[in-house]
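**Student:** One structure is given below, represented as structure tokens, and several questions about it will come after.
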Amino acid sequence: MDEPKVVLSDLVVGESPRWHEGRLWFCNWGAHEIIAVDPDGNAEVVLRDAEVDPHSIDWLPDGRMLIVPKNTERGRLLRREPNGDIVSHADLSGLPSGFNEIVVDGRGNVYVNGADFDFLSFISTLDHTDQRPLHLRPGFVPGFIALITPDGRSRIVAEDIAFPNGMLVTPDNATLIISESFAGRLSAFDVAADGGLSGRRVWAEGLGPDGICRDADGAVWTSSGETDCVRVAEGGEILDRVDFDRSPFACMLGGPERRTLYVVAATWNPENPFGGRTGQLLAVPAPAAGVGWP
1 MDEPKVVLSD LVVGESPRWH EGRLWFCNWG AHEIIAVDPD GNAEVVLRDA EVDPHSIDWL
61 PDGRMLIVPK NTERGRLLRR EPNGDIVSHA DLSGLPSGFN EIVVDGRGNV YVNGADFDFL
121 SFISTLDHTD QRPLHLRPGF VPGFIALITP DGRSRIVAED IAFPNGMLVT PDNATLIISE
181 SFAGRLSAFD VAADGGLSGR RVWAEGLGPD GICRDADGAV WTSSGETDCV RVAEGGEILD
241 RVDFDRSPFA CMLGGPERRT LYVVAATWNP ENPFGGRTGQ LLAVPAPAAG VGWP
């Protein structure tokens with residue numbers, strides 16, 4: 001594949017990239033921002049709010065943006081109205097805390113995931129002589145996937161997730177795939193008519209998956225756990241690879257005909273993750289167009 005092109009630099013840590021209405025949108029962690037950039041590289045800070053501190057984003061079918069805030073004091077799932085007001089989206093008091101990623105499917109079902117534990121504290125106190133997978137280490141708390149239906153009801157639809165990260169839903173709304181980062185795998189679920197999940201299975205393993213997206217050939221783009229993004233088929237075969245000089249946090253297929261792979265990457269320092277501006281948005285032509293959600 002071609003060498004990636006730097007679209008934006010001087011970011012802190014980019015996350016949750018989404019292609020929406022002709023632009024690539026993403027959260028700029030550490031700067032409390034949501035940024036949108038067009039295919040020519042023209043960027044706009046759409047929201048800067050330290051109280052909300054946007055963590056991940058997606059859109060309802062009617063075009064209103066949903067925001068998972070880092071700061072949970074204003075509610076754990078927020079909605080941005082057309083006039084710019086930020087409001088709570090639904091009553092989620094019955095769900096665990098610690099929301100992370102979000103995806104909205106083609107029917108308006110909202111899936112959020114999370115784990116109720118302190119990730120940075122967990123990472124900083126790891127015993128590096130312990131060779132077990134991270135989800136088998138002391139102090140780890142399994143995560144969950146929750147569903148918020150269009151009528152505002154919420155419930156847990158999957159549990160025991162080994163640090164839930166990026167999610168996608170296939171174009172037919174029939175399958176949800178999630179990154180289980182601490183187990184190094186992508187897991188898939190069948191999606192029922194009411195949005196519930198069942199039929200859990202390993203989709204691919206031997207990865208270091210974070211934010212993910214799917215293409216028209218049925219492959220998933222994700223990170224391998226090193227400084228690269230890989231295009232992986234169901235079962236784990238690596239079809240394509242793009243190398244970077246820093247850690248990719250998430251990827252998204254967008255641009256004209258959704259044939260551009262956008263990647264947000266930064267130098268990861270767990271002791272001071274938001275202490276520098278090593279973040280970049282990069283782009284490279286992709287072999288197949290993006291489909292599904294996000």
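Residue numbers (full-length UniProt numbering): 1 to 294. For every residue, glycine included, the Cβ atom is placed at its ideal position computed from N, Cα and C.
#1: Return the residue from the list W59, R76, A90 that minimises the CA-CA distance to P82.
#2: Distance, Cα to Cα, A192 vs E257?
#3: Along the beta strand (DSSP E) that carries F189, what are the first and last residues, could you check?
#4: Rounded to whole angstroms, what is the Cα-Cα separation between D215 and P270?
#5: Hey, could you find the ends of the beta strand (DSSP E) V104 is sitting in?
#6: In angstroms, rounded to a whole number, what distance separates the CA positions of I148 and E33?
#7: DSSP puts H128 in a beta bridge; with which residues?
#8: Do the stretch 179–186 and the stretch 149–160 meet, that is, are 3 or more Cβ pairs less than 8 Å apart?
#9: Whole angstroms is fine: what's the gap from D2's alpha carbon to A90's?
#10: Decide if A115 is buried, meaning its Cβ has at least 16 other Cβ atoms within 10 Å, or exposed.
#11: In angstroms with no decimal places, state the Cα-to-Cα distance between I178 and P294.
#12: Is W29 buried or exposed, if buried means 16 or more other CB atoms sit within 10 Å of its CB?
#13: From F144 to T260, what does the alpha carbon distance come to, in whole angstroms?
#14: Mind the definition here: the stretch 33–48 touches the stretch 238–253 only if three or more C-beta pairs lie below 8 Å; say whether that holds.
#15: Quick check: the Cα distance between M167 and T129, rounded to an integer number of angstroms?
#16: Evaluate P164 with the Cβ neighbour count: other Cβ atoms within 10 Å of its Cβ, from every protein chain shown; 16 or more gives buried, anything less gives exposed.
#17: Provide the residue span of the beta strand (DSSP E) that contains T222, from first to last.
**Tutor:** Once the coordinates are examined:
#1: W59
#2: 29 Å
#3: 185–191
#4: 31 Å
#5: 99–104
#6: 25 Å
#7: Answer by DSSP bridge pairing: none, since H128 is not bridged.
#8: no
#9: 43 Å
#10: buried
#11: 12 Å
#12: buried
#13: 31 Å
#14: no
#15: 31 Å
#16: buried
#17: 220–223
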